[in-house]
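Each remark here refers to the structure printed beneath this line.
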Amino acid sequence: DAGITQSPRHKVTETGTPVTLRCHQTENHRYMYWYRQDPGHGLRLIHYSYGVKDTDKGEVSDGYSVSRSKTEDFLLTLESATSSQTSVYFCAISELGAGYTFGSGTRLTVV
Amino acid sequence: AQSVTQLDSQVPVFEEAPVELRCNYSSSVSVYLFWYVQYPNQGLQLLLKYLSGSTLVESINGFEAEFNKSQTSFHLRKPSVHISDTAEYFCAVSERNSGNTPLVFGKGTRLSVIA
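Keeping their order, the protein sequence lines are chains A and B. Converting from the first sequence to the numbering used here requires adding 469 to each position, the first position being numbered 1. Converting from the second sequence to the numbering used here requires adding 43 to each position, the first position being numbered 1.
Here it is, written out as structure tokens:
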């Protein structure tokens, strides 16, 4: 979607390696979120941020960390990737009164 | 905390027939309600939302949803579906008047429109 981009779009990595996914926004929205989507589970919240350096855990945060050093970027890191982290990852942004906007997703495969 | 239940994981329907996708939610506080649509290999697009006011909300492509507080439901309906409506539909909630709390999603309903 315009104003929010995720990179990379696709990634294949090996078990045990670290992986970082990037979410970049140009909307200057305060709130940013990382979700993972898996068949039969819908979207589940991993971590979210309510400002620079302000983050909190979501429902499925184990094995993931995040960082937000500036408003426009929200990074999701898998410290040591496992096969259970094979998923499609979506970033979202929101601001009071502006609703939620989702990125196009990153398809991550851990082999 | 909120939770969302989408009662049907898959709904097959013939073209031009009506469809209802069911969504129930649970929350101890007032909520905002949303329906998102995801076409194959794409991201999520907002279909419609209930924030306040009229309990019946409509989308530009003929879908409508009605907020029913007593039944804690927000079912999505369309009187006549098209092949192009084939997609996965997600119901979501967030807390009202609490800043921008994260959306909580249901598990999704896959709508398949059959010619």
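Ideal Cβ placement from N, Cα and C applies to all residues, glycine included.
DSSP state of residue i mapped onto helix, strand, coil
i         : result
Ser22(B)  : Outside the shown range of chain B (44 to 158) lies residue 22(B), about which nothing can therefore be said.
Ser137(B) : strand
Ile126(B) : helix
Gln85(B)  : coil
Ser553(A) : helix
Ser97(B)  : coil
Leu90(B)  : strand
Glu548(A) : coil
His493(A) : strand
Arg499(A) : coil
Ser530(A) : coil
Asn111(B) : strand
Phe559(A) : strand
Start and end residues, beta strand (DSSP E) containing residue i
i         : result
Ile515(A) : 511-520
Lys539(A) : 533-539
Val62(B)  : 62-64
Leu119(B) : 116-121
His479(A) : 479-482
Glu45(B)  : Before going on, a small fix: residue 45(B) reads as Gln here, not Glu. Neither: Gln45(B) is in no beta strand (DSSP E) and is coded neither H nor E.
Gly465(A) : Only positions 470 to 580 of chain A appear in this structure, which leaves residue 465(A) out of reach.
Leu577(A) : 575-579
Ser155(B) : 152-157
Ser476(A) : 473-476
Phe57(B)  : 53-57
Residue i classed as buried or exposed, judged by whether at least 16 other C-beta atoms fall within 10 angstroms
i         : result
Arg478(A) : exposed
Ala108(B) : buried
Phe57(B)  : exposed
Tyr82(B)  : exposed
Ser95(B)  : exposed
Asp128(B) : buried
Gln53(B)  : exposed
Gly472(A) : exposed
Ser549(A) : exposed
Leu76(B)  : buried
Gln85(B)  : exposed
Pro587(A) : Outside the shown range of chain A, which is 470 to 580, sits residue 587(A), and nothing can be said about it.
Chain-ordered neighbours of residue i on chain A, where CB pairs are closer than 9 Å
i         : result
Leu146(B) : Tyr502, Tyr504, Leu512, Leu514, Ala561, Ser563, Tyr569
Phe117(B) : Per Cβ cutoff of 9 Å: no residues; Phe117(B) is ~15 Å from chain A at best.
Interface partners of residue i on chain B, CB under 7 Å
i         : result
Tyr517(A) : Pro145
Gly520(A) : Near Gly520(A) there are no residues of chain B at all, since even the closest Cβ is about 11 Å away, more than 7 Å.
Neighbouring residues, chain B, relative to residue i (Cβ below 9 Å)
i         : result
Ser573(A) : Gln85, Gly86
Within chain A, the residues that residue i reaches when beta carbons sit closer than 8 Å
i         : result
Gly149(B) : Gly511
Phe133(B) : Gly511, Leu512
Proximal residues of chain A, C-beta to C-beta of residue i below 7 Å
i        : result
Leu89(B) : Gly568
Positions along the stretch 98-109 of chain B whose CB lies within less than 8 Å of some CB in chain A: none
Quick one: which residues of the stretch 528-545 of chain A get their C-beta closer than 8 Å to a C-beta of chain B? List them in chain order. none
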